[in-house]
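In the numbering used here, the protein residues as written are 547 to 1009.
All C-beta atoms, glycine included, are put in the ideal place defined by N, C-alpha and C.
First the structure, in the form of structure tokens, and then the observations on it.
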């Protein structure tokens, strides 16, 4: 072959790297040669693979994403938005949404989200609040995140129906719900609820490789050619066939044995949840919280362990699990740790977490006073949007100490991890409340991302 890639089917790869990975991964690392199709103009095997994906979910059309769900969110926003258009956006949306607003020039109208004060997390948008905001705001589209990171789902069918009653398209970031469609014991998927565009991170809850995702389209409210143009603009012109092959296999796996595999995962999760709830100082919620604080349903494969009864923060528990007990969890916050159970888990894996949490309970329960719930995701009041994120991104900037930033208009995003949601976005006026919230979360151990200064001693604001 006298064609890319330069490693020529692995022959040019460093021997140590090839020995570690094996030869097949390099044989699969193809580019747009004859017979393998092209993602941005699919007519052959990729067209067939994406048609099979749409059939598996019952969608009108589906798309492979090789830049993660980030590119799906941003392409969706470009398809439904544009300069001067208004988009109603749930305030618990991922940082990629701000990037989408910078790209499309739309004006964000933020939508408040319910909070569970006992767990210290946001939950979902209330249908009543959504209807109220649609009635009083002249918007062009709606963007919601459902479920949240912790597996909490709102009444997605009613939310979709309300948006459609207003004649508007709705985009749903369903990054954590790619598995919902394939098992009746899981929450309703936004695809089945009829959402116009649904973005799913298959690498999070199914078996495809990291960076691979997909998106589904329903109805006729979104211009499909505009969506395809956005995907061509934002995705690599040299998409990785290893990623796309992993997407196709993940689809095949769910279509042929998804219910069986997910039943096994749900059984492991239930075993783990019941065992954790027997350990002193720990709590792991399930469907008993349905009906409270905007919780309509719960993904039982997500294991949220509230650890305050040990007298430790979630951050400290995650550190102890990592450093001393050889267990890695998905995330921690001041109140909780979060563990994912997927089709790749079994009872042996569950037992390792149970053993580790029992160890911590024996060491700390009763020896330290229980901690009070920290308001982790109870975001400040909805911000004053002075400029669109796009206008702020391209405006002249200056750098000031963050401690002096109250009243200034931010030129960058202040994103707290977990869960990757901007507290301050470009174009918003920084309030004393948002400043205090960020400082408190930093003190608790949250990681700041999105800013040029990773320590957030300084921040870029508009001149």
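About 4 Å separates the beta carbon of residue 972 from that of residue 938, a gap short enough to meet the 8 Å contact definition. In this structure, the beta-carbon distance from residue 733 to residue 673 does not fall below 8 Å. Residue 943 carries a strand assignment under DSSP once its states are collapsed to helix, strand and coil.
Checking the DSSP bridge columns, you'll see residue 975 partnered with 955.
In this structure the segment 892-906 does not touch the segment 836-844; the number of beta carbon pairs closer than 8 Å is below three. Within the same chain, Cβ atoms closer than 8 Å to the Cβ of residue 752 are found at 724, 725, 796, 799, 800, 888, 889, the five residues on either side in sequence being excluded. Residue 832 and residue 717 have their C-alpha atoms spaced approximately 27 Å apart. If you check the CB distance, residue 856 and residue 940 do not come in under 8 Å.
Contact between the segment 614-630 and the segment 744-760 is established, with three or more Cβ pairs separated by less than 8 Å. Under the Cβ criterion (8 Å, minimum of three pairs), the segment 704-720 counts as touching the segment 676-690. DSSP assignment within the segment 792-828 yields no whole alpha helix (DSSP H) run of 4 residues or more.
Between residue 764 and residue 742, the C-beta spacing is below 8 Å. For residue 564, the enclosing alpha helix (DSSP H) covers residues 561-567. Segment contact: the segment 785-794 against the segment 625-632, fewer than three CB-CB distances shorter than 8 Å; contact not assigned.
Secondary structure at residue 950: helix, using DSSP grouped into helix, strand and coil. Residue 583 places its beta carbon 8 Å or farther from that of residue 551. With respect to residue 625, residue 657 sits apart: the two C-beta atoms are not nearer than 8 Å. For residue 653, the beta-bridge partners assigned by DSSP are 632. Contact annotation: residue 848 and residue 696 have beta-carbon atoms nearer than 8 Å.
Taking a C-beta distance under 8 Å as the contact criterion, residue 777 and residue 565 do not qualify as a contact pair. For residue 910, the uninterrupted alpha helix (DSSP H) run begins and ends at 893-910, by DSSP. Taking each of 808, 588, 948 in turn and checking the Cα distance to residue 1001, the smallest one comes out for 948.
Straight through space, the alpha carbons of residue 640 and residue 917 are spaced by roughly 28 Å. Per DSSP, the unbroken beta strand (DSSP E) holding residue 719 starts and ends at 716-719. DSSP, read as helix, strand or coil, puts residue 662 in strand. In the same chain as residue 886, and ignoring 5 residues on each side of it, the C-beta atoms closer than 8 Å to its own belong to 750, 751, 847, 848, 849, 876, in chain order.
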